[in-house]
Amino acid sequence: MTTSSASSPANASPLGVLHPRLLALIAQAREQAAATPPAVGLVYPCDTLAIQAAVQIAHTGIARPVLIGPRSEIYRAADAVELDIGAFEVVETHSAAPAAAAAHATRLVHEGALASLMKGSLHTDELMSAVVNRETGLRTGKRISHAFLFDLPRYHKLLTLADCVVNIAPDLKTKRDVLGNAVTLLQTLGVQEPKVAIVSAVESVNPAIIATLDAQALVEMAQAGEWPGAVVEGPFGFDNAFSAVAARIKGMKSQVAGNADLMIMPDLNASNMLYKSFVYVGGGECAGLVLGAKVPIVLTSRADSLLARIASVALATLASRAPT
Numbered sequence: 015m016t017t018s019s020a021s022s023p024a025n026a027s028p029l030g031v032l033h034p035r036l037l038a039l040i041a042q043a044r045e046q047a048a049a050t051p052p053a054v055g056l057v058y059p060c061d062t063l064a065i066q067a068a069v070q071i072a073h074t075g076i077a078r079p080v081l082i083g084p085r086s087e088i089y090r091a092a093d094a095v096e097l098d099i100g101a102f103e104v105v106e107t108h109s110a111a112p113a114a115a116a117a118h119a120t121r122l123v124h125e126g127a128l129a130s131l132m133k134g135s136l137h138t139d140e141l142m143s144a145v146v147n148r149e150t151g152l153r154t155g156k157r158i159s160h161a162f163l164f165d166l167p168r169y170h171k172l173l174t175l176a177d178c179v180v181n182i183a184p185d186l187k188t189k190r191d192v193l194g195n196a197v198t199l200l201q202t203l204g205v206q207e208p209k210v211a212i213v214s215a216v217e218s219v220n221p222a223i224i225a226t227l228d229a230q231a232l233v234e235m236a237q238a239g240e241w242p243g244a245v246v247e248g249p250f251g252f253d254n255a256f257s258a259v260a261a262r263i264k265g266m267k268s269q270v271a272g273n274a275d276l277m278i279m280p281d282l283n284a285s286n287m288l289y290k291s292f293v294y295v296g297g298g299e300c301a302g303l304v305l306g307a308k309v310p311i312v313l314t315s316r317a318d319s320l321l322a323r324i325a326s327v328a329l330a331t332l333a334s335r336a337p338t
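Per the working numbering, residue 15 is the first one in the sequence shown, and the count goes up by one each step.
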């Protein structure tokens, strides 16, 4: 099988040199997958980015790509970048429509043929519509949410943000589930006592700012044993959640400030802008997953780097051990 000319993220690419924690995540997934690589279903991989990702996933050894969609379109995309996908399993769908590939992927999950899914060149809503279908989808007893794990040059460990993608204006019940999904992910990765910062505009409870009331309630839930092992504090402003120095200057005593593993954001506007700031201003890279479904799901963007795509699949391989 021909591989792309791009450097493998497993081999300290120029991007990877700056993001050693993501490289370690990839190495951990490769070790876990060594005996039997789990199958990741690439849903409608009908453009060059999806094909390049599939080749790199196989080359890196973190999973076994299964290409789901119209065979002619898949091979046309591979031919466009002169990549040989002859060794890959291609699952032909009954229709060339992206929705058909999404529906077929969910059936394969129910049959136990796939350990995770990855978005190809279809729209996110086309894939997620199949995932959340109440009759044939991949719902579980958990609310579906999303988490990003960031490798930031100015932070000492991986930092998780939730929810930057799925839940637009989460209420308290939704934030409880978002927090629970993310804590489960971190504990699956070996962070047995994740430190969680509930972030708002300010670090004091203000009845006019609903996010601060939610933070207070989430802290009380944690103290009552909602998430065993997790240390949950808030509300925090972003500055004193990220920086222990900022917290000390403001007279805050905290186990979490400057050492958070997870930040729960107030809404999609704040979280999505922070996520993009981490990447485009802060020089960060990330791995992201949809959580709470029957299997982990990688939602890619055309703007994602190859490292982010591979790290996300690596995260899916590791997360597939978590209970659904």
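C-beta: ideal position from N, C-alpha, C; glycine also.
For residue j and residue i, the rounded distance between their alpha carbons
i	j	result
VAL216	VAL309	36 Å
PRO167	GLY297	7 Å
ALA48	ALA41	10 Å
ASP228	LEU186	6 Å
VAL293	ALA301	11 Å
THR188	MET279	12 Å
THR17	ILE71	For THR17, the pLDDT reaches just 34, beneath the cut-off of 50, and the residue's location in the model is therefore unreliable, leaving the point undetermined.
ALA233	ILE182	Looking at the sequence itself, residue 233 is Val, so the reference to Ala does not match. If I take the Cα positions, the gap works out to 22 Å.
PRO23	LEU36	Confidence is the limiting factor: at PRO23 the pLDDT is only 38, short of 50, which leaves the residue's position unreliable, though a coordinate-based value still follows. About 9 Å.
PRO221	GLN230	11 Å
Given residue i as reference, the closest of the options once Cα atoms are compared
i	options	result
THR50	GLY75, LEU56 and ALA64	GLY75
THR342	ALA101, GLU140 and GLN230	Here the chain has residues from 15 to 338 only, and residue 342 is not among them.
GLY248	LEU56, ALA72 and MET235	MET235
GLY134	VAL295, LEU332, THR314 and ALA330	THR314
VAL104	GLU96, ALA117 and GLU87	GLU87
ARG335	VAL197, THR202 and ALA317	THR202
ALA328	TYR58, PRO112, PHE162 and ARG157	PHE162
GLY55	ALA94, LEU37 and GLU125	GLU125
HIS5	ALA183, VAL95 and ALA258	This structure cannot speak to residue 5, because the chain is shown only from 15 to 338.
VAL348	PRO242, ARG190 and VAL233	Outside the shown range of the chain, which is 15 to 338, sits residue 348, and nothing can be said about it.
LEU342	ILE65, TYR289 and GLY251	With the chain covering 15 to 338 only, the question about residue 342 has no answer from this structure.
Same chain, Cβ closer than 7 Å to residue i, five either side skipped, listed in chain order
i	result
GLY151	THR120, ALA144 and VAL145
ALA114	THR107 and HIS108
Cutoff 6 Å; reference residue i; Cβ partners in own chain excluding five residues on either side
i	result
MET15	For MET15, the predicted structure reports a pLDDT of 33, less than 50, and the residue's modelled location is therefore unreliable. A value from the coordinates is still provided. These residues qualify, in order along the chain: ASP98 and ALA101.
LYS209	VAL245, VAL270, ASN273, ALA274 and ASP275
ASP61	ALA91 and SER135
ASP177	SER159, HIS160 and VAL192
Same chain only: Cβ atoms within 8 Å of residue i, ignoring 5 sequence neighbours per side
i	result
SER19	A caution first: SER19 carries a pLDDT of 33, below 50, which makes its placement in the model unreliable, though a value can still be read off. Excluding residues within five positions, none has a Cβ falling inside 8 Å.
One or two residues paired with residue i in a DSSP bridge
i	result
ALA229	Looking at the DSSP assignment, ALA229 forms no beta bridge with any residue, so it has no partner.
LEU32	Paired residue(s): none; LEU32 is not in a bridge.
VAL304	HIS160 and ILE311
Minimum Cβ-Cβ distance from residue i to chain C less than 8 Å
i	result
ALA53	As a matter of chain content, chain C is missing from the structure shown, which is built from one protein chain.
At 3 residues or longer, and completely inside the stretch 116–149: list those beta strand (DSSP E) runs for me, N to C.
For the stretch 116–149, whole beta strand (DSSP E) runs of length 3 or above, ordered along the chain, are 130–133.
Curious, which full-length beta strand (DSSP E) runs of at least 3 residues does the stretch 80–119 contain?
Listed in chain order, they are 103–106.
Ignoring anything shorter than 4 residues, give me the alpha helix (DSSP H) runs that lie fully in the stretch 193–256, in order along the chain.
Entirely contained in the stretch 193–256, the alpha helix (DSSP H) runs reaching 4 residues are, in chain order, 224–237 and 252–256.
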